[in-house]
Amino acid sequence: MTNLFSLAEQIRKCTACPLWKKRTLTVPGEGPENADILFVGEAPGVEEDRKGLPFVGKSGTFLDEMIQIIGITKKDVFITNCVKCRPPNNRKPTGKELETCTKLWLEKQIVSIKPKVIVILGRVALQSVLKKTNIHELHGKVITKNKQKYFITYHPVAGMRFPATFQKIKSDCIKLVNDINIL
Ligand code: URA
């Protein structure tokens, strides 16, 4: 089994898709090896690219609030993205970039961490990880696939832009606590 540390080392050197050419730093993810909850976002933004850490920009404060509602602390969870390098000008990652990075790295991180639940943040991660698109229907729900539990909610950036969406994210977090025995 490949451990998370060695995966992160490999991710830092990755040139498997064109995103490496414009990145400052890769963002493998952050958190303990035995985390019960794994959060999966879309791709690093400008702050994340600069620091090499996930969700350290403005949307990170919304993710912090979600973590607080769940009743855990940031050091208890693993946070990563489908794509480990920032797409230039914050464009959406392409299907090919998502497929390459998810297969090459995210799937291996999941095998290594073995989380009790993977929290899917937003439509891009939903599509990339679960091949599903209807976030409005699926948010707040648990999906079990190959014995792995996934919990779907909106992306913190959507919550940052739309207060009504942030309310939905907050009630999703409460559902997560009630529906899954993670604490
Ligand atoms: N948005 C994401 O999806 N991931 C980050 O790390 C930051 C912003």
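Anchor point for the sequence shown: position 51 equals 133 in the working numbering, and the numbering is continuous, going up by one each time. Yeah, the Cβ is synthetic: ideal placement off N, Cα and C, and Gly gets one too. If you're wondering where the values come from, they're calculated on a predicted model, not measured in any experiment.
In this structure, the beta-carbon distance from residue 117 to residue 238 does not fall below 9 Å. A residue is called buried once 16 or more other Cβ atoms fall within 10 Å of its Cβ, and residue 179 is buried on that count. For residue 163, the beta-bridge partners assigned by DSSP are 123. Only residues of its own chain outside the window of five on either side were considered, and among them 86 have a CB closer than 6 Å to the CB of residue 115, listed in chain order. With contacts defined by Cβ atoms closer than 9 Å, residue 254 and residue 226 do not form a contacting pair. Inclusion of residue 163 in the 8 Å shell around the ligand URA follows from its C-beta lying nearer than that to a non-hydrogen atom of the ligand.
Look at the beta carbons and you see the stretch 164-183 not touching the stretch 138-146: under three pairs across the two are nearer than 8 Å. In the structure shown, residue 231 adopts extended strand secondary structure according to DSSP, grouped into three states. Taken through DSSP and simplified to helix, strand or coil, residue 226 comes out as strand. About 13 Å separates the Cβ atoms of residue 127 and residue 204, ruling out a contact at the 8 Å cut-off. Taking the Cβ of residue 203 as the reference point, at least one heavy atom of the ligand URA falls within a distance shorter than 8 Å.
For residue 154, no alpha helix (DSSP H) segment is defined, and its DSSP state is neither H nor E.
Within the model, the alpha-carbon separation for residue 111 versus residue 154 is close to 18 Å. Residue 89 sits close to residue 190, with the two beta carbons spaced by under 9 Å.
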